[in-house]
Amino acid sequence: MHRWCAGGFCGDPGASMNQHHPEPDEKFDDADYPAYTMGRAAAVLEVTQPFLRSLEGAGLITPQRSTGGHRRYSRAQLRRASRARELVDQGTPVTAACRIITLEDQLADHTNQPYPDTGT
DNA sequence: CTTCTTACA
DNA sequence: TGTAAGCA
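The opening position of the first sequence corresponds to residue 1 in full-length UniProt numbering, with each subsequent residue numbered one higher.
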């Protein structure tokens, strides 16, 4: 199984089904290449389409747009949406979930990053 | 058939 | 937040 298929998801909506991944020598991250459609993302994440839209409305995720303005969710987007789903499912407002996830992302970057020299 | 937008509950 | 109607 190819890395792109990892997870059991091999439903490339836009890609040709017959043309399976030829040689994954692309430097694209596994999470950035695949673009799921609304129905696929909503089904995989078990969320409603309006929910995914609310996430981008909150600025949490910004799915890429393809043909005719059809949303294309990458696995990175699905990942954020999944986390948002967890938070919102626990009663966290979408607006708060947006901030939390954004902060978590920033914290992950600041994890072992040297503290800024405040000059004290 | 699937997605998109807007509106309503 | 979820569902509905109409449209592309």
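Where a beta carbon is used, it is the ideal one built from N, C-alpha and C, also for glycine.
Closer than 6 Å by C-beta to residue i: which residues in its own chain qualify, once you throw out the five before and the five after it? Chain order, please.
i    : result
A97  : A84, L87 and V88
S82  : L45
D109 : none
Y73  : Y36, A41 and P63
Can you give the Cα-Cα distance for residue i and residue j, rounded to whole angstroms?
i    : j    : result
E46  : T67  : 24 Å
R99  : P93  : 10 Å
G69  : T37  : 11 Å
A35  : Q113 : 31 Å
L52  : Q64  : 13 Å
T118 : R71  : 42 Å
Q90  : T120 : 41 Å
H2   : L107 : Note that H2 has pLDDT 48, beneath the 50 cutoff, so the model's placement of it is unreliable and no number is given.
G57  : D29  : 25 Å
T95  : Y33  : 27 Å
Y115 : G59  : 27 Å
Only counting the same chain, and skipping five residues up and downstream in sequence, which positions put a Cβ closer than 8 Å to that of residue i?
i   : result
T48 : A42
A31 : S74, R75, A76 and R79
G39 : Q49
So, for residue i: in the same chain, excluding its five sequence neighbours on each side, which residues have a beta-carbon less than 7 Å away from its beta-carbon?
i   : result
I61 : L55, Q77, R80 and A81
field: Start-end ranges of the alpha helix (DSSP H) lying completely within the UniProt domain "HTH merR-type" (35-103), minimum 4 residues
entry: 38-45, 49-57 and 75-89
query: Is there contact between the region 99-106 and the region 70-78, where contact requires at least three CB pairs shorter than 8 Å?
result: no
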